[in-house]
Each structure stands twice: as structure tokens, then as C-alpha cells.
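Colleague: This is the structure I have questions about; it appears just below.
Right, here's the structure in full:
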């Protein structure tokens, strides 16, 4: 089991983000109240956990706000192989390393350590390890799978609004100015940041879900430039029915990970 297999751990990490690290494409009292109910620990107690084996889905619900929420994970490593099976070498490596750590007894020397982050290296070439296509397709697949369960959620919580909480574990991407130039480790490459939160390929998926709100938590998008760190939002929160902004279309062939 990896750290973020636990929905509560995901929420805990979200709660550590500062308000100025969160972006609201459209902000009103309703969505701010929903944000506060999740982001502030004192108000989070109003949410009931419902992700156990015998619990009715989705993962959380809030009777005071009449909102239910499903939590999901996406990354830029997973892909569907020729047999139709979802493969994620990085997650598999993390699970293996965690088992080795537990078996070694090392973790017992740190009884106060609540969280262990494991960064498994697949030793694959960068573009085979993670890429924009994996990221886009994985987002589409995961969000789509959860969207197909919405009718069941509505049966369990009639009249409640629906929020999706996406834990995005992908790295940052950028649009290369010259796609004939291959990025090299230790060298700067000209390009523009990938504004994932305006990317039409992702926004179209969100709009098709028939949900009310989407929390997009993306804490690992570190973008270094020749002028320092380029700050991207750590989280973006949408009122899905109010999405009305100019989306950006990105060509897959132009996109590159900042991790070479």
C-alpha cells in the first residue's frame, strides 16, 4: 500500500497548503464554503468517511452542506498495455521498496515517523517512464471511471451535490518552443509552462462528468527556470457549471516533462 492509497492522507496533505497556493477560476460564497470545509481541520470533522469495504460510495459526504465527494489519484506513469491492463511501473516499484523497508525493520527505529515517501526509479528513458500522453489519458480514464458511478452515488445520497477530488501526482510539463530540440539534463530549454488547469484536453473531461465541483490537487509540479522557480497553483478548485474561460489546446508532440 502506497501513502496516497489512503484518502485521508491525501486530504491531510491538501490541508497543509496555504490559501495563496490555491486557484479559483470562479469564486463565490458556496464554493468558498466548500473549500473551507475541506481545507480547515476543524471543519473537516463535518465530513463522514465512507470508503471502507462495506460503506456505500463515494468516499466522503457532508450532511451540513449536502455534498458528497469521491477521491481519486492520477499520475503520468500509468498506461494501458496491449492486453488492456493498467500498468504503473513506478507504483509497483514503490510498493516493492515499502515492503522491503517494512521487512528490514528499519521503520521500527523511527516510531514517531508517520509518513514515508518513496521515490522509486524505473530506470526507463524519461519519455517511457512518464509523458504528457500518459498523463492526459490517465486523467481521462480515472475521472471517467468515477463519473460512470455517479448514478450509484446519487442513490446513496439523494439530492446531494457531487465533488471530485483529484490527487494529481504528475510532474510539471512545458510546451517546447522548438520541438526538434531534445531537452537535456542540466541545460535550459526554451518553452512555455503547461497550464494544466486551462488545458482543453483535461477541461473537456471535467465538463463531461456531470459533477458540481472538482478539486484538482497537484503538489508536485516543480518548474525551475533560469530566473528561479515558476510558481504554479498547488490546487485548482472549479465550480464545474461555471467553467467559462478560454481553454488552451496543447499538441502532444510539443509537450515535454521538466524532469529529464
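Residue numbers (this note's numbering): 329 to 588.
Here a beta-carbon is modelled for each residue, glycine too, at the ideal position from N, C-alpha and C.
In chain order, which continuous runs of the alpha helix (DSSP H) of length 4 or greater are located wholly inside the region 455 to 528?
Modeller: Listed in chain order, the alpha helix (DSSP H) elements of length 4 or more contained wholly in the region 455 to 528 are 460 to 475 and 478 to 484.
Colleague: Give every residue of the same chain whose Cβ lies closer than 6 Å to the Cβ of residue 342, excluding the five residues on either side of it in the sequence, and list them in chain order.
Modeller: One-based indexing of the chain shown puts residue 342 at position 14. Here the set comprises 545.
Colleague: Let me confirm a value: residue 557 is counted as buried when at least 16 other C-beta atoms fall within 10 Å, else exposed. Which label applies?
Modeller: Along the chain shown, read from residue 1 onward, the residue named residue 557 stands at position 229. Exposed is the call here.
Colleague: Since residue 601 sits in a beta bridge, which residues does DSSP pair it with?
Modeller: The question about residue 601 has no answer here: the residues shown for the chain are numbered 329 through 588.
Colleague: Can you check whether the CB of residue 496 is closer than 8 Å to the CB of residue 399?
Modeller: Position 71 of the chain shown holds residue 399. Position 168 of the chain shown holds residue 496. Against a cut-off of 8 Å, the Cβ pair of residue 496 and residue 399 comes out as no contact.
Colleague: So the candidates are 336, 392, 334 and 368; which of them puts its Cα closest to the Cα of residue 347?
Modeller: Reading the chain shown from its first residue, position 19 is the one you call residue 347. Here the closest residue by C-alpha is 368.
Colleague: What is the DSSP secondary structure of residue 426, counted as helix, strand or coil?
Modeller: Here residue 426 refers to the residue found at position 98 of the chain shown. It is helical.
Colleague: For residue 501, count neighbouring Cβ atoms within 10 angstroms of its own Cβ and tell me buried if that reaches 16, exposed if not.
Modeller: Here residue 501 corresponds to residue number 173 of the chain shown, with the count starting at 1. Buried, by the Cβ-count rule.
Colleague: Only counting the same chain, and skipping five residues up and downstream in sequence, which positions put a Cβ closer than 7 Å to that of residue 437?
Modeller: Position 109 of the chain shown, counting from 1, holds the residue named residue 437. Counting only Cβ-Cβ distances below 7 Å, and skipping sequence neighbours, we find nothing.
Colleague: Could you pull the DSSP bridge partners for residue 552 from this structure?
Modeller: Mapped onto the chain shown, residue 552 falls at position 224. In DSSP, residue 552 forms a bridge with 557.
Colleague: Which of the three DSSP states, helix, strand or coil, is assigned to residue 435?
Modeller: Position 107 of the chain shown, counted from the start, is the residue given in the question as residue 435. It is helical.
Colleague: For the pair the region 517 to 536 and the region 456 to 475, tell me if three or more CB-CB distances fall below 8 Å.
Modeller: Taking a cut-off of 8 Å for Cβ pairs, the region 517 to 536 and the region 456 to 475 touch, as three or more such pairs fall below it.
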